[in-house]
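K.L.:
One structure is given below, represented as structure tokens, and several questions about it will come after.
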Amino acid sequence: MAGARPLDLDRIAAAASGDAGGVDPALLGGFLPAVVAATAGGRRLRRRELEACAASGRLAAVRGVALRALVDLYLSAAWRLWRDVPEVAAGDAERVRGAALAVLRAADDGVAALVEGFQLARADVIRLQESVKHDVMEALLAGGQQAIEATGPAADIGLTLSGPVAVLVVRRPAGFGGPDTAATPGRLERALQGRHGDAQPLTLIRSGDLVCVFAAPDAAAVQSVRDVVTRELDEQTRSARDGRSWRGAVSSPRIGAAAVRTSHDEARYALDLADRLALEQPVVDARDLTIYRVLLQDLPAVHDLVRSTLTPLTRARGGAGHLIETLDAYYATGCVATETAARLNLSVRAVTYRLARVAELIGRDPADPAERLTLHAAVTAARLLDWPATALD
């Protein structure tokens, strides 16, 4: 129309990019010329124009552009274009109304196609990333050269192995099967990524266990992961109908891809120890269980310790089990009979009777500091070996 100001689509695109936080204006593709043509012709966007929007959405997904910023780019471009279309400049009310409807409809259709393309491409990216995660995890847990070769792919998905990393293993009694656990790795990763998304854990379900490899630069980072895992999995357990319990263990931090397998084995072994000891912590630290690992390194010596120290307890009425349970609780509470009674739901009199019976049978006073170390070690070894329910070799 005569007197109308010519459209500067490049200027509009640049301004819209600024509105969207600097998103590449090239992602607009042919959107602006398509909207201008649709407005002038009083029509909707054509199929090829919508396909171009979908293609821009796919490209943005592959580049890692946030969907919110991408939509902001398109909507900002649309409203900035609206101010400059010739029909608006002409000032005719009917033309303004028609132009408004055309621009709004074109923006609506274009953004819908854009989002569809983005979401489809994002789904493909996620599936590819999950496949890469699986391959990286398997390589890391295989150890050796395979783990070393996985260093680069691990960095590509955000896990840097040049600094200290730790491995967390979580297990349920019946494994992690079922519809309520399929989304657990993703939910846990999002919770662990930190306020700014700067932490990049690698989390998968493997052989029924939830395995998470994460950066562990210091003790605070490890404790943070333990806290997040406890909160997230407690929430999931509360919402599950079966109410199944769970237990986790975290390894010592180590540096390098080749160390991940060692950390994984350590965490799994710590889980086994925690189960045998019936520890109360939801996530145990393998470093806190070092003494128990030391106890089990020389099994013949440990068997001799249990036999020589605790075998006389089997002569008690009802066997040795309840007396070993009492001794374990007694040492766990710092040799305080009242706390031991509360833990075992017994009277203090019953606890003191049992302790006296132990002293009578084995000839050692559980409260005597000179005897305490030997007895405590023997009781701990018995629990680790599930004695007397399981016979010693």
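Take the sequence shown: its letters are residues 1 to 393, numbered as in UniProt numbering. Glycine residues also receive a C-beta, built at the ideal position from the N, C-alpha and C atoms.
Alpha carbon to alpha carbon, how far is V379 from L310? Give it in angstroms, no decimals.
P.N.:
8 angstroms
K.L.:
So the beta strand (DSSP E) A40 belongs to, where does it begin and stop?
P.N.:
Unbroken run through A40 is the alpha helix (DSSP H), F31 to G41; no beta strand (DSSP E).
K.L.:
Measure the C-alpha to C-alpha separation of R172 and D285 and round it to an integer number of angstroms.
P.N.:
17 angstroms
K.L.:
Give me whichever residues DSSP pairs with R171 in a beta bridge.
P.N.:
R247
K.L.:
Among the residues of its own chain, which have a CB less than 7 angstroms from the CB of residue 394, if the five just before and after it don't count?
P.N.:
The structure shown does not extend to residue 394, since the chain is modelled only from 1 through 393, so no value can be given for it.
K.L.:
Between A356 and S347, is the Cβ-Cβ spacing less than 8 angstroms?
P.N.:
no
K.L.:
Whose CA, out of L271, S252, A77 and L28, lies closest to the CA of S263?
P.N.:
Check the Cα spacing between S263 and each of L271, S252, A77 and L28: the tightest is with S252.
K.L.:
From this set, A40, D19, G18 and A60, which residue's C-alpha is nearest G29's C-alpha?
P.N.:
A60
K.L.:
Which one or two residues does DSSP pair with A215 in a beta bridge?
P.N.:
Answer is V165.
K.L.:
Express the C-alpha separation of D275 and A216 in angstroms, rounding to a whole number.
P.N.:
25 angstroms
K.L.:
Here's the rule: buried if 16 or more other CB atoms are within 10 angstroms of the residue's CB, otherwise exposed. What is R261?
P.N.:
buried
K.L.:
From A166, G319 and E232, pick the residue whose C-alpha is nearest to that of L361; which is it?
P.N.:
G319
K.L.:
State yes or no: is the C-beta of T333 within less than 8 angstroms of the C-beta of R349?
P.N.:
No, the pair does not count as a contact, with Cβ atoms beyond the cut-off.
K.L.:
Measuring only the C-alpha atoms, how far is M1 from R46?
P.N.:
Here the model assigns M1 a pLDDT of 40, short of 50, so the residue's position is not dependable and the matter cannot be decided.
K.L.:
Below 6 angstroms CB to CB, which residues in the same chain sit around A301 once its five sequence neighbours on both sides are set aside?
P.N.:
Cβ neighbours of A301 beyond the five flanking positions: none.
K.L.:
From this set, R83, R354, L299 and V170, which residue's C-alpha is nearest P282's C-alpha?
P.N.:
For the residues R83, R354, L299 and V170, the minimum Cα distance to P282 belongs to V170.
K.L.:
If the criterion is Cβ atoms closer than 8 angstroms, does the pair L305 and A377 meet it?
P.N.:
yes
K.L.:
Tell me the DSSP secondary structure of D198 in three-state form.
P.N.:
Because the pLDDT of D198 is 49, which lies under 50, any placement of that residue in the model is unreliable, and the question is left without a value.
K.L.:
Please report the distance separating the alpha-carbon of R293 from that of A389.
P.N.:
21 angstroms
K.L.:
How far does the alpha helix (DSSP H) with D386 in it reach, from first residue to last?
P.N.:
No alpha helix (DSSP H) holds D386; DSSP gives it neither H nor E.
K.L.:
DSSP three-state call for T160: helix, strand or coil?
P.N.:
coil
K.L.:
Can you tell me whether A139 is buried or exposed? The criterion is at least 16 other CB atoms within 10 Å of its CB, across all chains shown.
P.N.:
buried
K.L.:
How is the alpha helix (DSSP H) around D8 delimited, first residue to last?
P.N.:
D8 -> no alpha helix (DSSP H), and no H or E assigned at all.
K.L.:
Taking only heavy atoms of the ligand ZN into account, decide whether any of them is closer than 7 angstroms to the Cβ of S56.
P.N.:
Judged by which ligands are present, the structure shown has none, so any question about the ligand ZN falls away.
K.L.:
Is DSSP giving A364 helix, strand or coil here?
P.N.:
Inspection of the sequence shows that residue 364 is occupied by Arg rather than by Ala. Coil.
K.L.:
Is residue 397 buried or exposed, if buried means 16 or more other CB atoms sit within 10 Å of its CB?
P.N.:
The question about residue 397 has no answer, for the chain in this structure spans 1 to 393.
K.L.:
First and last residue of the alpha helix (DSSP H) that includes V71?
P.N.:
L67 to D84
K.L.:
Apart from the five residues just before and just after A191, which ones in its own chain have a Cβ nearer than 6 angstroms to its Cβ?
P.N.:
Cβ neighbours of A191 beyond the five flanking positions: V228 and E232.
K.L.:
For the beta strand (DSSP E) that V294 lies in, which residues bound it at each end?
P.N.:
No beta strand (DSSP E) contains V294, which is instead part of the alpha helix (DSSP H) from T290 to Q297.
K.L.:
Within the chosen definition, does the stretch 73 to 83 reach the stretch 8 to 16 through at least 3 CB pairs nearer than 8 angstroms?
P.N.:
yes
K.L.:
Please report the distance separating the alpha-carbon of Y331 from that of G143.
P.N.:
Straight-line spacing of the CA atoms in Y331 and G143 works out to 40 angstroms.
K.L.:
Excluding sequence positions up to five away, which residues of its chain have a Cβ less than 8 angstroms from the Cβ of V351?
P.N.:
T326, Y330, A337, T340, A341 and L344
K.L.:
What three-state label does DSSP hand T333 in the structure shown?
P.N.:
DSSP places T333 in coil when its eight states are reduced to three.
K.L.:
Mapping the DSSP letters down to three states, classify L277 as helix, strand or coil.
P.N.:
For L277, the secondary structure class from DSSP, reduced to helix, strand or coil, is helix.
K.L.:
Below 8 angstroms on the Cβ atoms is my guess for A38 versus A102; work out the distance and round it to an integer in Å.
P.N.:
Rounded to the nearest angstrom, the Cβ distance from A38 to A102 is 6 angstroms, consistent with a contact under 8 angstroms.
K.L.:
Based on DSSP bridge pairs, tell me the residues matched to R206.
P.N.:
D209
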